[in-house]
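Protein chains in written order, with the numbering used here: chain S, 1 to 121; chain F, 1001 to 1436.
Built from N, CA and C at the ideal position, the CB exists for glycine as well.
Here's the structure, in structure tokens; my notes come after.
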């Protein structure tokens, strides 16, 4: 069973996406702010990270920088899951090492699962 | 002067004869020599007197001209100093170009707006200047048109009220221009544009826009959550649904998609208004952009049974150097309007033309048209024509505002022709990509 870490401050969103991934036989780990997200990634070594950008304590870009700077977490694929839809944000996320950038309002949970499965193949 | 010639010849003759006589007649002859010598001296003096008089006249004219030139030089220096002082003391940005459209003056305020250094910009062709400083929206103010132009543009996070004035030189006011050699005429010397920083005058606006953007982000998050919930309900993740429950949730989902689209449009408008919307340019095929947009609207075109035709050129480069997302948004908004305001089974005709330096896009519909009295406001932010609101209550009135900002931001032009009840034709041009 693959482990997915979701770093997201919205409880409802965490629950929804968590349920959908659990239904597809993934094991979900969650973090509610940037600092906790970095800690969980280092300790739990998930197979993939779903990362929001607007987060308390450390924002998503800072989290991504820390993850990529640390040898222990640098290779974990990170999908950014955000509603920031400006080209600059998308380019910044990809430049910092995210494998994909999903604009929440433009994708359905099924489509997110599909993307995750393709990356983990 | 002309009369002295024969006299000199006569004097020389007398001198020669006298010399001969001297040999022959002794003392009498020497008296003749003295007399003839005096005659030569007198005649020479008379001759030079004429020349000196003419020279004196020339010198007097020359000194007059020099004096006049010196006066003009001092005046122009004073004028230049005065102009420099005035320009540097003005709170508005000033950008002037010469008759060859090369940068002549950029005052301190304008340099701050463009974040430019004087040594980098003086003498630069205005097109290059606009390319370097991401200010293509300014190009329309430097057109060959001699009428003043006024508009509001957004640049480097600032809202600028821009007005342009052509500068003329009136030969009639030049002291040397009077008379037959310089007929009274006027010559265009260039253009001056004034940039009033409206963002600076209204410091609360940025805070308001930041708040609006944050509110839009939260609205979008809520709408995304609703979308995910509806989708999960509809795919049975929360258990089986009755037919009626499915139908209600499907309609709710459609309404929610409209909300997402509205918040997206409003966010884009706020960003464009803030001037934070920087363009990331690349080589873009305009034909491909139009085809992508039409593919996105395929279902809508089919549902309304619209007769749609896209007349495109083949075998010619239809590339522009532009931000693809921004251009696509402009095309999307124009196509969306044409489809939205055209009745079922109506017609929409799109075309792409190569006008040499520019590519021209046109979309003609058989829709409701724009009432004449509301046409001047059609590109205003949040404006929707009354007949448009009656036909479709959903809309933010930012589509055409954004299309205008995005097209003009690339140095293009956008315009329309319309008659109420007869349809509208919206057109825009974009500069073609320069092939190196």
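Secondary structure of residue 26 (chain S) (DSSP, three-state): coil. Distances from the alpha-carbon of residue 1295 (chain F) to those of F:1335, F:1389 and F:1058 put F:1335 closest. Below the 7 Å Cβ cutoff, chain F contributes 1217, 1220, 1221 and 1224 as neighbours of residue 83 (chain S), in chain order.
About 32 Å separates the Cβ atoms of residue 1167 (chain F) and residue 1205 (chain F), ruling out a contact at the 8 Å cut-off.
Any Cβ of chain S closer than 9 Å to the Cβ of residue 1283 (chain F) would place that residue at the interface, and such an atom is absent. Counting along the chain, residue 1331 (chain F) sits inside the alpha helix (DSSP H) bounded by residues 1324-1340. Excluding its 5 nearest sequence neighbours in each direction, residue 1429 (chain F) has C-beta neighbours in its own chain below 6 Å: 1358, 1360, 1412 and 1413, listed in chain order. Around residue 1222 (chain F), the same chain offers no residue with a beta carbon nearer than 7 Å, after the five sequence neighbours per side are excluded. For residue 1188 (chain F), the pairing in a beta bridge is given by DSSP as F:1168.
In this structure, the straight-line span from the alpha carbon of residue 70 (chain S) to that of residue 1236 (chain F) is close to 41 Å.
Using a Cβ distance threshold of 9 Å, residue 1122 (chain F) and residue 1104 (chain F) count as a contacting pair. No Cβ-Cβ contact shorter than 9 Å links residue 1369 (chain F) with residue 1408 (chain F). Apart from sequence neighbours up to five positions away, the residues of its chain that approach residue 1366 (chain F) with a beta-carbon distance below 7 Å are 1342, 1346, 1347 and 1423, ordered along the chain. Relative to the Cα of residue 101 (chain S), the nearest Cα in the group S:52, S:45 and S:118 belongs to S:52. In the structure shown, residue 1424 (chain F) falls within a strand segment according to DSSP collapsed to helix, strand and coil. In the three-state DSSP reduction, residue 1050 (chain F) falls in the helix class (H, G or I).
In this structure, the CA atom of residue 42 (chain S) is about 38 Å from the CA atom of residue 1261 (chain F). Under the DSSP assignment, residue 1152 (chain F) falls in the beta strand (DSSP E) whose first and last residues are 1149-1155. Beta-bridge partners of residue 1382 (chain F) (DSSP): none assigned. Shown in chain order are the members of the segment 1225-1251 of chain F whose Cβ falls below 8 Å from a Cβ of chain S: 1225, 1227, 1228, 1229, 1231, 1232, 1235 and 1237. In the three-state reduction of the DSSP assignment, residue 94 (chain S) falls in the helix class. No Cβ-Cβ contact shorter than 9 Å links residue 1102 (chain F) with residue 1132 (chain F). Nearest to residue 1333 (chain F) by alpha-carbon distance, out of F:1352, F:1363 and F:1228, is F:1363. For residue 1223 (chain F), the enclosing alpha helix (DSSP H) starts and ends at 1204-1234. Beta-bridge annotation (DSSP): residue 109 (chain S) is not paired with any residue.
Taking C-beta atoms as the reference points, residue 1012 (chain F) and residue 1040 (chain F) count as a pair closer than 9 Å. Put simply, the CB of residue 1325 (chain F) is near chain S, with a gap under 9 Å to one of its CB atoms. Between residue 34 (chain S) and residue 68 (chain S), the C-beta spacing is not below 9 Å. The beta carbon of residue 16 (chain S) falls within 9 Å of a beta carbon belonging to chain F, placing the residue at that interface. Contact annotation: residue 50 (chain S) and residue 17 (chain S) have beta-carbon atoms nearer than 9 Å.
In chain order, 1130, 1409, 1410 and 1411 place their CB closer than 7 Å to the CB of residue 1136 (chain F), counting only its own chain and leaving out the 5 sequence neighbours on each side. Where residue 1114 (chain F) is concerned, the enclosing alpha helix (DSSP H) starts and stops at 1108-1114. Around the beta carbon of residue 1384 (chain F), 16 or more other beta carbons lie within 10 angstroms, which makes this residue buried. In its chain, beyond the 5 residues on either side, 53 have a beta carbon closer than 6 Å to the beta carbon of residue 84 (chain S).
When DSSP states are grouped into helix, strand and coil, residue 1094 (chain F) belongs to the strand group.
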